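Here the sequence shown stands for residues 33 to 269, numbered as in my numbering.
Positions of the beta carbon are idealized from the N, C-alpha and C atoms, including for glycine.
As the structure is a prediction and not an experimental result, all values here were calculated from the model.
What follows is a single structure, written as structure tokens, with notes after it.
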Amino acid sequence: FKSFLRESGLDRKHIAQTLEIESPFDLAEQAKLVVPKMGVSAKDSVAHTKCLIEMVPLALRAVRKGSGALMIFASLKQMREVAEGMPDDVKRILLVQGEMGKTAMLEEHRRRIEAGQCSVLFGSQSMEECVDLPGRLCEMVLIAKLPFTVPSGAVETVRKSWIEKKGGNYFREVAVPNACRRLAQEAGRLIRQEGDRGSIVVFDERLVDTAFGKEILGGMPPISIERRLPGQIDAPW
33 FKSFLRESGL DRKHIAQTLE IESPFDLAEQ AKLVVPKMGV SAKDSVAHTK
83 CLIEMVPLAL RAVRKGSGAL MIFASLKQMR EVAEGMPDDV KRILLVQGEM
133 GKTAMLEEHR RRIEAGQCSV LFGSQSMEEC VDLPGRLCEM VLIAKLPFTV
183 PSGAVETVRK SWIEKKGGNY FREVAVPNAC RRLAQEAGRL IRQEGDRGSI
233 VVFDERLVDT AFGKEILGGM PPISIERRLP GQIDAPW
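The structure is reproduced here in structure tokens:
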């Protein structure tokens, strides 16, 4: 709770009581986290997008017939480019945010799954929350890259400057904790009820190859982590 207490000012008063409640789900058994071996940096947008176009169809092979998947992008531009680069067999089952309203897209996704078809949702960061796709509606969550936000706007720019003038590190004190919370939100789209099973695929090797990535992992629920090539991702049933 250190980040929240600092942001709210409660860390100075020494009166706040905090309580962490364990998940009611057996996440170690119900889900697995896969970080594919990509060989490109998520910071290189061109190379990363090209790699996603190659790897996402391979990962989607693990989606069963009559089941769905959700992929969340940090950039609308990258989402559109990856969608455009998908092979025809993926495009046929793809629903891309922006091409129809969010509500209509989710309804069409449900209709397809109920009809025994496969369906894949491509969405922006607005899909991180208020999206409930239990059971076969979502058996795989794919995350394009770690959800860091660049400080923009007057308030956040001044905040970054203030932290750094005090000798602090905006990236470590604000950006990393925020990315940890948001990644947990994105991953949380997978397990919605006790009978759910599935995989979370994060296409960003910084999660396992950097010190800040390991900090983020430390704030995640206890899910087993695997390093694999996308074509080696198996459905955990």
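Check, Outcome
"Hey, how far is the Cα of residue 137 from the Cα of residue 126?", "10 Å"
"For the beta strand (DSSP E) containing residue 230, list its first residue and its last residue.", "230 to 234"
"Helix or strand or just coil, what does DSSP make of residue 67?", "coil"
"Taking just the CA atoms, how far does residue 51 sit from residue 42?", "15 Å"
"When the Cβ atoms of the segment 72 to 83 are set against those of the segment 130 to 145, are three or more pairs found closer than 8 Å?", "no"
"So residue 247 and residue 160 are supposed to be a Cβ contact under 8 Å. How far apart are they, rounded?", "Not quite, the Cβ-Cβ distance comes to about 20 Å (not below 8 Å), so this is no contact."
"Give me, in chain order, the residues of the same chain whose beta-carbon lies closer than 7 Å to that of residue 123; leave out the 5 immediate sequence neighbours on both sides.", "none"
"Where do the N-terminal and C-terminal ends of the alpha helix (DSSP H) with residue 299 fall, by residue?", "Past the edges of the chain, shown from 33 to 269, lies residue 299, and the structure says nothing about it."
"What beta strand (DSSP E) runs, 3 residues minimum, are completely inside the segment 34 to 89?", "63 to 66"
"Have a look at residue 214 and residue 148 and give me their C-alpha separation to the nearest angstrom.", "31 Å"
"For residue 64, count neighbouring Cβ atoms within 10 angstroms of its own Cβ and tell me buried if that reaches 16, exposed if not.", "buried"
"Would you list, in sequence order, the uninterrupted alpha helix (DSSP H) runs of no fewer than 4 residues that lie entirely inside the segment 163 to 200?", "185 to 197"
"I'd like to know whether the C-beta atoms of residue 118 and residue 153 end up nearer to each other than 9 Å.", "no"
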